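S.K.: Residue numbers (the working numbering): 491 to 791. We put the CB at the ideal spot given by N, CA and C, even for glycine. Note that the structure is a prediction, hence the values are computed from the model and not measured. Below you will find the structure I want to go over with you.
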Amino acid sequence: MGISTYLKEIGRGAQGARSLTREQAQDMFGQILDGQCTDLEIGAFCIAMRIKGETAEEMAGFLDAVAARMTKIPESGSPVIVLPSYNGARKLPVLTPLLGLLLARQGLPVLLHGTATESTRVTAGQVLLAMGIQPQPAAAPIQNGSLHWVPTEHLLPSLTQLLEVRRTIGLRNPAHSLVKLMNPCAGASLVVGSYTHPEYAVSMAATFRLMNTNALLLRGTEGEPVADARRIPRMELFQQGQARCVQEAQAGPLTTLPELPAIDAASTAAYTQSVLDGTLAVPEPIARQVEHISRACMASA
Numbered sequence: 491m492g493i494s495t496y497l498k499e500i501g502r503g504a505q506g507a508r509s510l511t512r513e514q515a516q517d518m519f520g521q522i523l524d525g526q527c528t529d530l531e532i533g534a535f536c537i538a539m540r541i542k543g544e545t546a547e548e549m550a551g552f553l554d555a556v557a558a559r560m561t562k563i564p565e566s567g568s569p570v571i572v573l574p575s576y577n578g579a580r581k582l583p584v585l586t587p588l589l590g591l592l593l594a595r596q597g598l599p600v601l602l603h604g605t606a607t608e609s610t611r612v613t614a615g616q617v618l619l620a621m622g623i624q625p626q627p628a629a630a631p632i633q634n635g636s637l638h639w640v641p642t643e644h645l646l647p648s649l650t651q652l653l654e655v656r657r658t659i660g661l662r663n664p665a666h667s668l669v670k671l672m673n674p675c676a677g678a679s680l681v682v683g684s685y686t687h688p689e690y691a692v693s694m695a696a697t698f699r700l701m702n703t704n705a706l707l708l709r710g711t712e713g714e715p716v717a718d719a720r721r722i723p724r725m726e727l728f729q730q731g732q733a734r735c736v737q738e739a740q741a742g743p744l745t746t747l748p749e750l751p752a753i754d755a756a757s758t759a760a761y762t763q764s765v766l767d768g769t770l771a772v773p774e775p776i777a778r779q780v781e782h783i784s785r786a787c788m789a790s791a
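Dropping the structure here:
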């Protein structure tokens, strides 16, 4: 039927726009993912949602549409730790690969999915390539103690195309929030969700509750799902959508700062390997994050 009816509802401006039901959001987003919309319609959708903002019901509908179309990671017998990596490094090194490899060392299956959404940032994928770790197909099961890096296009190519719209219009769209919430696994998982601004903490928590998601939510490093190596952030654990704080934020001034590498892929890869080898210490905030995730997985086993 097209999405013009939905655009009339969400495109009335910040004061007049109306939110969609979960079912309507699923239908609209499904049509976009299926290539049934023109570039003009997709641009209108992106700008309208940027002005209006997404409700938890709408985000749940978008996630429903993605789940019905994406290639799912097969069950592995243990909860898979899901690390969405889409922001990359701007001022601080992207240590998401370090988090994933430390979790795999704990015997956990780890999925790192992502794609570059800005040309100027260093991505987790670039760091993994510098370490000799190649991307994996989405259909491959993840064994305990392994990290699989799966590019978004292997999960759902049309979702990658929607993320790419940012390069054209210069604005993020619901896909950039969605990828930090989605569960690409057919079996049990724990999604590590990260936010950059407090309002996103509220909206992400509301979606996790509505979707009954198992997740760890924290303010990550520049939007990446890894704790800032300089200071321990607040961490909330969601179990079937029910939240509890498992880590309070570190208070007071910092007395010491860890030695961190330059943000380029080669330097970050070398630093990551040095931490894994034991030459350098694991930054305390990341060690604490690994502890909370491992404990949550053991409790649900």
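#1: Name the two residues that bound the continuous alpha helix (DSSP H) containing residue 549.
#2: When burial is assigned at 16 or more other CB atoms within 10 Å of the CB, is residue 692 buried or exposed?
#3: Assuming residue 571 is part of the beta strand (DSSP E), what are its boundary residues?
#4: Taking one C-beta from the region 598-610 and one from the region 635-647 each time, how about it: are there three or more such pairs within less than 8 Å?
#5: If I measure Cβ to Cβ from residue 759 and keep anything under 7 Å in the same chain, skipping five residues before and after, which residues do I get?
#6: What residues in its chain sit with their C-beta under 6 Å from that of residue 554, if we drop five residues either side in the sequence?
#7: With DSSP collapsed to three states, give me the class of residue 740.
#8: Which two residues bound the contiguous beta strand (DSSP E) that contains residue 684?
#9: Can at least three beta-carbon pairs, one atom from the region 580-599 and one from the region 757-776, be found at a separation below 8 Å?
#10: Residue 710 and residue 719 - do their beta-carbons sit closer together than 8 Å?
#11: Look at the alpha carbon of residue 677 and the alpha carbon of residue 729, and state the distance between them as a whole number of angstroms.
#12: Quick check: what's the CA-CA separation for residue 685 versus residue 737?
#13: Tell me, to the nearest whole angstrom, how far the beta carbon of residue 579 is from that of residue 753; I am working on the premise that it is less than 8 Å.
M.R.: In terms of the structure at hand:
#1: 546-557
#2: exposed
#3: 570-575
#4: yes
#5: 617, 620 and 621
#6: 516
#7: coil
#8: 679-685
#9: yes
#10: no
#11: 15 Å
#12: 16 Å
#13: 4 Å
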